[in-house]
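Numbering (the numbering used here), first residue to last: 2 to 500. Glycine included, each C-beta is placed from N, C-alpha and C at the ideal position. Accompanying notes for the structure given below.
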Amino acid sequence: MKFIYKIIITPLLSGIFFCSAAQIQTDSVEAFQDSSFVADTLTYPIIQTFLGNWQRNFYGKNAPDKLDLVWKHYLGKGETVISRKVGSKIWAGAGWTGQPLLVKEKGNLYLIQGAYDHYLKKINAETGELIWQYEFDDVIKGTGTIWVNNNPDKPENSLVILQGSRLGVGNYLDSKHIPSYRAISYFTGKELWRMDQKWTHSYSRDVDGSALILNDTAYLGLENSFFTVFDPDHRNGRMLNGMFQPKIIQERKLYTMDDVYNHRNNIVTESSPSLLGNHIYVASGSGHIFGYNLNSRELDWNFYIGSDIDGSAIVTSDSCILVSVEKQYIKGKGGAFKLNPSKNPEDAVVWYFPVEDKDFVGWEGGIIGSIGINDNYINSKQTHLAAFVGIDEYLYVVDHKSIDSTRTVLGPDSITVYNTPKLVFKKKVGPSISTPIFVDNKLIVAGYWGIYLFKYDYQNQFELLDKREGSFESTPIVWNNKIYIASRDGYLYCFGLKN
Numbered sequence: 002m003k004f005i006y007k008i009i010i011t012p013l014l015s016g017i018f019f020c021s022a023a024q025i026q027t028d029s030v031e032a033f034q035d036s037s038f039v040a041d042t043l044t045y046p047i048i049q050t051f052l053g054n055w056q057r058n059f060y061g062k063n064a065p066d067k068l069d070l071v072w073k074h075y076l077g078k079g080e081t082v083i084s085r086k087v088g089s090k091i092w093a094g095a096g097w098t099g100q101p102l103l104v105k106e107k108g109n110l111y112l113i114q115g116a117y118d119h120y121l122k123k124i125n126a127e128t129g130e131l132i133w134q135y136e137f138d139d140v141i142k143g144t145g146t147i148w149v150n151n152n153p154d155k156p157e158n159s160l161v162i163l164q165g166s167r168l169g170v171g172n173y174l175d176s177k178h179i180p181s182y183r184a185i186s187y188f189t190g191k192e193l194w195r196m197d198q199k200w201t202h203s204y205s206r207d208v209d210g211s212a213l214i215l216n217d218t219a220y221l222g223l224e225n226s227f228f229t230v231f232d233p234d235h236r237n238g239r240m241l242n243g244m245f246q247p248k249i250i251q252e253r254k255l256y257t258m259d260d261v262y263n264h265r266n267n268i269v270t271e272s273s274p275s276l277l278g279n280h281i282y283v284a285s286g287s288g289h290i291f292g293y294n295l296n297s298r299e300l301d302w303n304f305y306i307g308s309d310i311d312g313s314a315i316v317t318s319d320s321c322i323l324v325s326v327e328k329q330y331i332k333g334k335g336g337a338f339k340l341n342p343s344k345n346p347e348d349a350v351v352w353y354f355p356v357e358d359k360d361f362v363g364w365e366g367g368i369i370g371s372i373g374i375n376d377n378y379i380n381s382k383q384t385h386l387a388a389f390v391g392i393d394e395y396l397y398v399v400d401h402k403s404i405d406s407t408r409t410v411l412g413p414d415s416i417t418v419y420n421t422p423k424l425v426f427k428k429k430v431g432p433s434i435s436t437p438i439f440v441d442n443k444l445i446v447a448g449y450w451g452i453y454l455f456k457y458d459y460q461n462q463f464e465l466l467d468k469r470e471g472s473f474e475s476t477p478i479v480w481n482n483k484i485y486i487a488s489r490d491g492y493l494y495c496f497g498l499k500n
């Protein structure tokens with residue numbers, strides 16, 4: 002793998018030594034976790050945010066060869082309100098994006114998992130035992146981010162989970178206050194602050210995305226479609242509207258009034274922002290991919306697609322971004338874009354790969370989840386692969402650095418002609434809104450028909466190693482021959498090889 006952790010060691014009052022998990026790109030093959038330097042007294046996040054890092058392209062290490070059940074933990078079920086007209090429903094387990102976070106704490110592994118029973122949970126990754134849980138006002142859909150505070154006021158505040166939820170049972174879009182984003186101490190499970198979500202032109206005040214954190218400043222697109230820059234440190238917060246809230250540094254709208262009209266207020270930002278160079282890229286349900294300039298602190302890049310966009314922008318090793326496109330509000334097909342954001346938006350398309358239209362529980366087609374890539378798990382002789390699953394029930398694996406010279410395709414507008422990448426592998430796996438993940442020479446794909454474990458070789462020949470039935474919306478992680486993933490059946494599963 003091509004990422005190691007930058008090591009910042011701080012002795013805390015408890016005698017634990019803490020390592021930050023800020024990742025830097027390197028040519029080293031080994032991650033620092035594999036080094037003999039790491040002692041059992043170190044505590045550090047391994048999977049720190051949705052899809053692992055600020056580039057959204059790291060999923061763990063050492064994938065197993067089997068999907069044997071190691072343990073399962075019952076997450077429970079909870080009520081959530083769909084609307085005043087529809088009323089409430091009971092949801093079980095965990096869903097989209099629902100990826101667990103992973104922390105190594107004094108030699109032991111722990112998961113942080115949000116669930117539909119309204120609770121954020123810390124769970125022993127080896128046994129499935131619940132350590133603590135913190136109650137939100139509604140179901141938790143998105144994946145959190147762990148902020149590493151290298152100068153905490155107390156040892157227990159050196160790791161802080163930033164986590165969102167739906168708007169709250171008993172609340173509606175026009176409720177006065179919606180504190181659906183919160184900071185929780187990783188060590189104690191106690192709340193440090195809560196952020197009130199403003200009522201905007203968006204029809205949501207939930208929070209699904211995972212924050213990106215640079216130099217103790219957090220960046221996140223909220224479902225009210227404000228790109229929000231804030232200080233995660235509770236010491237800089239204040240009492241506001243009857244709740245202790247973090248300091249908001251800046252807000253920028255991720256929509257125009259034309260978007261509000263064309264999408265009938267569905268301008269929800271559910272994606273997680275990604276870092277590439279001096280820009281943060283964020284996909285919005287308003288139909289745009291925006292680039293936020295860290296120098297000017299403004300949105301100065303805007304690629305317009307027009308569809309609903311749910312997945313995050315994935316950063317590739319050749320400094321491009323991969324973006325999934327839902328089939329909604331567009332004449333053409335949904336699919337996957339590769340964009341080069343160093344170019345002007347009108348010249349940024351490297352390729353487009355459309356998928357077939359298909360109706361499924363309200364979706365019309367396209368790709369809902371994010372795109373998985375193997376860039377961090379291969380050497381220079383191997384193919385750079387990207388994987389995605391459409392609502393059309395098919396898994397697609399493409400060579401994201403090669404163009405298919407035999408054909409071109411129409412874009413989402415059904416007018417513009419684009420190049421398209423070489424298709425390496427295609428298989429019917431059922432509809433999915435989960436993100437496929439590559440780890441080593443394995444590909445793990447989850448969806449409504451179950452979870453699939455594939456192996457592939459240097460010639461890009463794919464072999465199905467194992468499959469388990471189930472209904473999965475969330476995205477898995479992998480660590481040391483174990484796969485962790487939550488299901489809609491109410492359980493968090495650990496699959497792989499038993500010790």
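Inter-residue Cα distance where the pair is residue i and residue j
i: I113; j: E464; result: 32 Å
i: I368; j: E474; result: 13 Å
i: P101; j: Y494; result: 11 Å
i: N500; j: T146; result: 29 Å
i: Y282; j: S488; result: 29 Å
i: M196; j: P180; result: 5 Å
i: K78; j: K382; result: 47 Å
i: V71; j: I249; result: 43 Å
i: K332; j: D414; result: 6 Å
i: Y60; j: L411; result: 32 Å
i: G471; j: G431; result: 11 Å
i: F338; j: A64; result: 28 Å
i: C321; j: A388; result: 16 Å
i: D358; j: I392; result: 8 Å
i: Y111; j: V425; result: 36 Å
i: G115; j: S406; result: 44 Å
i: W450; j: K429; result: 10 Å
i: N237; j: D154; result: 12 Å
i: Y533; j: H264; result: With the chain covering 2 to 500 only, the question about residue 533 has no answer from this structure.
i: A126; j: L52; result: 18 Å
i: D348; j: Y117; result: 42 Å
i: L168; j: Q198; result: 9 Å
i: Y135; j: W352; result: 44 Å
i: V362; j: P233; result: 37 Å
i: T409; j: V418; result: 7 Å
Contact under 9 Å by Cβ, residue i with residue j
i: V398; j: L444; result: yes
i: S84; j: Y173; result: yes
i: F304; j: L340; result: yes
i: L276; j: L215; result: yes
i: T436; j: G370; result: yes
i: V230; j: R183; result: no
i: T50; j: L160; result: no
i: A284; j: D319; result: no
i: V87; j: I47; result: no
i: L323; j: K67; result: no
i: I404; j: K423; result: yes
Sequence-distant residues of its chain with Cβ nearer than 6 Å to residue i (five each side left out)
i: F137; result: H119 and S166
i: L221; result: G210, A212 and T229
i: T218; result: none
Option nearest residue i by Cα separation, candidates the options
i: G336; options: N151, E130 and I306; result: I306
i: P477; options: L498, I452, I310 and K456; result: I452
i: I268; options: Y173, S275 and D260; result: D260
i: V356; options: S343, I322 and E394; result: E394
i: H178; options: E192, M244 and L213; result: M244
i: T201; options: R183, L295, W480 and T257; result: T257
i: N416; options: K334, N151, G108 and D441; result: Here residue 416 is Ile; the residue named in the question, Asn, does not match the sequence. With distances taken between Cα atoms, I416 lies closest to K334.
i: I438; options: N377, L70 and L131; result: N377
i: G278; options: Y449, G129 and N296; result: N296
i: R253; options: I162, L300, P156 and W97; result: L300
i: T144; options: A219, S308 and G99; result: G99
i: Q164; options: D175, N150, Y187 and N151; result: Y187
i: Q460; options: G448, H385, K483 and G373; result: H385
Bridge-paired residues (DSSP) for residue i
i: D458; result: The partner list for D458 (beta bridge, DSSP) is empty, contrary to what the question assumes.
i: H74; result: L493
i: W511; result: Absent from the model: residue 511. The displayed extent of the chain is 2 to 500, so no value can be given.
i: F426; result: V398
i: R253; result: F228
i: D467; result: L454
Cβ-based neighbour list, residue i, same chain, cut-off 7 Å, excluding 5 preceding and 5 following
i: E224; result: S203, S205, R206, D207, V208, D209, V269, T270 and E271
i: E80; result: S89, I91 and V170
i: W302; result: H280, F291, G292, P342 and P346
Proximal residues to residue i (C-beta, below 8 Å), its chain only, five neighbours per side dropped
i: Y492; result: K73, H74, Y75, L76 and G94
i: T189; result: W133 and E157
i: S226; result: T201, H202, S203, K254, L255, Y256, I268, V269, T270, S285, G286 and S287
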